[in-house]
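S.K.: For reference, the structure I am asking about is given below.
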Amino acid sequence: MVHRLLLLLAAPALCAGAALAQAPAADAPSADIRQEVKIALPQARLIGKARLTVWGFQVYDARLWVPPGFGAASYTRVPLALELDYLRGFTAAEVADRSIKEMRRSAAISDAQASQWKADLLRVIPDVRKGDRILGVYQPGVGASFWFNGKSSGEVKDAEFARLFFGIWLSPNTSEPQLREALLAGAAG
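So the sequence shown is numbered by my numbering: it starts at 5 and just counts up by one.
Structural data, given as structure tokens:
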């Protein structure tokens with residue numbers, strides 16, 4: 005329990021965090037595209053990956069999948085898929101609360117809007133345990149769809165939510181620029 009509290013207090017996000025080891029994920033070959041990525045983005049390729057570590061605790065491995073022509077500077081205009089393989093467990097409420105906190109770093113979000121987006125996150129992201137995988141697919145101007153362990157878990161049809169949510173990792177204003185850099189390593193300018 006103390007470790008969980010330390011992670012919650014120390015990490016700027018359970019979705020994006022305080023320390024980063026840019027080591028490749030040990031158990032997922034980069035050429036192995038997930039079935040749900042093939043469905044959502046048939047032309048996608050893996051351009052970056054990183055392992056998030058907070059105070060020595062491994063949190064998740066992240067991978068970014070994008071279609072041809074993707075550019076880091078225009079990430080909000082192109083569909084993409086962000087995959088998180090969890091290396092420890094968190095409740096859905098912990099993930100949702102941390103996500104909203106990180107989204108608020110990039111934009112002013114009213115309490116009413118934050119409450120709605122938290123409810124949306126709780127609907128599409130369940131509690132996660134070590135070994136669970138969440139894939140978020142960003143559709144510019146539309147919203148986001150989510151997959152949990154290879155199965156569709158729902159959508160949030162809100163373009164602003166999606167832009168800010170994926171900005172947790174990809175915005176130039178992210179709280180974790182090293183994580184962003186590792187995920188965008190194979191992208192054009």
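From the three backbone atoms N, C-alpha and C, an ideal C-beta is built for every residue, glycine too.
Owing to the predicted nature of the structure, the values given are computational and were not obtained by experimental measurement.
1) Can you tell me whether alanine 186 is buried or exposed, with buried defined as 16 or more other CB within 10 angstroms of its CB?
2) Have a look at Gln117, Gly135, Val70, Gly145 and flag the residue whose alpha-carbon is nearest the alpha-carbon of alanine 152.
3) I'd like to confirm the pairing. Which residues does DSSP put opposite leucine 68 in its beta bridges?
4) Measuring only the C-alpha atoms, how far is phenylalanine 74 from threonine 80?
5) Could you work out which residue in Gly190, Asp65, Gly140 is closest to valine 41 when comparing CA atoms only?
6) I'd like to know whether the C-beta atoms of valine 146 and phenylalanine 94 end up nearer to each other than 7 Å.
7) Report, in whole angstroms, the separation of the C-beta atoms of alanine 96 and proline 130, which I expect to be a contact under 8 Å.
M.R.: Reading off the structure:
1) Locating residue 186 in the sequence shown gives position 182, counting from the first residue. Alanine 186 should be labelled buried.
2) Here the question's residue 152 lines up with position 148 in the sequence shown. Position check: residue 152 holds phenylalanine in this sequence, whereas alanine was assumed. Among Gln117, Gly135, Val70, Gly145, the Cα nearest to that of phenylalanine 152 belongs to Gly135.
3) Mapped onto the sequence shown, residue 68 falls at position 64. Beta-bridge partners assigned by DSSP to leucine 68: Gly52, Leu86.
4) Counted from its first residue, the sequence shown places residue 74 at position 70. Counted from its first residue, the sequence shown places residue 80 at position 76. Threonine 80 has its alpha-carbon roughly 10 Å from the corresponding atom of phenylalanine 74.
5) As a first step, residue 41 must be located in the sequence shown, where it is residue number 37. The residue from Gly190, Asp65, Gly140 with its alpha-carbon nearest to that of valine 41 is Gly140.
6) Along the sequence shown, read from residue 1 onward, the residue named residue 146 stands at position 142. Along the sequence shown, read from residue 1 onward, the residue named residue 94 stands at position 90. Contact: no.
7) Translated into positions along the sequence shown, residue 96 becomes position 92. Translated into positions along the sequence shown, residue 130 becomes position 126. Rounded to the nearest angstrom, the Cβ distance from alanine 96 to proline 130 is 5 Å, consistent with a contact under 8 Å.
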